[in-house]
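These notes are about the structure you will find just below.
If you want it as structure tokens, here you go:
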């Protein structure tokens, strides 16, 4: 592999990493937003729906969401 | 490049990889907008049901319906763009590939802008609901 094609490949690799990091930050934003939305859904459940199975479902979703967030943040580092 | 094929091979060049990544990303955007469509229908339904009592329901329903129309427009545009991507296989030079790559970035901008506006509207809805619901809870 000559120097020019190596440089070209390296530039492309850097661009890909940059693009992936931008996408990753959007995923983190989305997961953060889901967490805020879950807070609102918990209040609606407490006041309107009042279902124990829904409480468990929302708790399960929050746990999964936290795990996804952990994985994404680990990937970001 | 076969548009339906999104598997990345070691012999793919950088342009092939970019097109494949963009195809996967576009599928995700379309699926997300389809989900938002369902969610908006539920929210519009909520305001036409019992929940509307005591809420500024007319203005919110109009906002949701407007957002629904915008969502539909963007979804149709992305689906048309998805079809047009079948022509990538006919690209013979870098200039042609760049047209698709630039178009993709422009759709990314539209998608993210739409998503931001939709989230703001949904936050507004949840804040309104929470404002109405928190008071009875504190009495308990």
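Chains as they are written, first to last, in the working numbering: chain A, 318 to 394; chain B, 4 to 143. The C-beta atom is built at its ideal place from N, Cα and C for all residues, glycine as well. These numbers come from a predicted model, not from an experiment.
Rounded straight-line distance, which links the Cα of residue j to that of residue i
{"i": "residue 8 of chain B", "j": "residue 93 of chain B", "result": "15 Å"}
{"i": "residue 69 of chain B", "j": "residue 392 of chain A", "result": "37 Å"}
{"i": "residue 126 of chain B", "j": "residue 16 of chain B", "result": "43 Å"}
{"i": "residue 335 of chain A", "j": "residue 364 of chain A", "result": "45 Å"}
{"i": "residue 348 of chain A", "j": "residue 338 of chain A", "result": "15 Å"}
{"i": "residue 350 of chain A", "j": "residue 321 of chain A", "result": "44 Å"}
{"i": "residue 368 of chain A", "j": "residue 113 of chain B", "result": "39 Å"}
{"i": "residue 328 of chain A", "j": "residue 31 of chain B", "result": "27 Å"}
{"i": "residue 360 of chain A", "j": "residue 379 of chain A", "result": "14 Å"}
{"i": "residue 82 of chain B", "j": "residue 99 of chain B", "result": "20 Å"}
{"i": "residue 394 of chain A", "j": "residue 341 of chain A", "result": "11 Å"}
{"i": "residue 86 of chain B", "j": "residue 29 of chain B", "result": "11 Å"}
{"i": "residue 372 of chain A", "j": "residue 134 of chain B", "result": "20 Å"}
{"i": "residue 377 of chain A", "j": "residue 89 of chain B", "result": "41 Å"}
{"i": "residue 96 of chain B", "j": "residue 319 of chain A", "result": "23 Å"}
{"i": "residue 52 of chain B", "j": "residue 381 of chain A", "result": "31 Å"}
{"i": "residue 122 of chain B", "j": "residue 370 of chain A", "result": "27 Å"}
{"i": "residue 325 of chain A", "j": "residue 101 of chain B", "result": "17 Å"}
{"i": "residue 345 of chain A", "j": "residue 352 of chain A", "result": "11 Å"}
{"i": "residue 61 of chain B", "j": "residue 136 of chain B", "result": "19 Å"}
Proximity to residue i [Cα-Cα], best of the options
{"i": "residue 33 of chain B", "options": "B:80, B:20 and B:104", "result": "B:80"}
{"i": "residue 119 of chain B", "options": "B:26, B:30 and B:36", "result": "B:36"}
{"i": "residue 116 of chain B", "options": "B:74, B:63 and B:50", "result": "B:74"}
{"i": "residue 72 of chain B", "options": "B:129, B:40 and B:113", "result": "B:40"}
{"i": "residue 111 of chain B", "options": "B:45, B:48 and B:77", "result": "B:77"}
{"i": "residue 18 of chain B", "options": "B:46, B:28, B:87 and B:103", "result": "B:103"}
{"i": "residue 124 of chain B", "options": "B:28, B:29 and B:46", "result": "B:46"}
Buried or exposed (CB count within 10 angstroms, at least 16 for buried), residue i
{"i": "residue 343 of chain A", "result": "exposed"}
{"i": "residue 65 of chain B", "result": "exposed"}
{"i": "residue 323 of chain A", "result": "exposed"}
{"i": "residue 38 of chain B", "result": "exposed"}
{"i": "residue 26 of chain B", "result": "buried"}
{"i": "residue 366 of chain A", "result": "exposed"}
{"i": "residue 91 of chain B", "result": "buried"}
{"i": "residue 132 of chain B", "result": "buried"}
{"i": "residue 332 of chain A", "result": "exposed"}
{"i": "residue 43 of chain B", "result": "buried"}
Distance between beta carbons of residue j and residue i, contact taken as under 8 Å
{"i": "residue 362 of chain A", "j": "residue 375 of chain A", "result": "6 Å"}
{"i": "residue 63 of chain B", "j": "residue 50 of chain B", "result": "6 Å"}
{"i": "residue 129 of chain B", "j": "residue 357 of chain A", "result": "4 Å"}
Do three or more CB pairs link the stretch 376-386 of chain A to the stretch 11-26 of chain B at distances below 8 Å?
-> no
Just checking, does the stretch 103-110 of chain B make contact with the stretch 19-34 of chain B on the three C-beta pairs under 8 Å criterion?
-> yes
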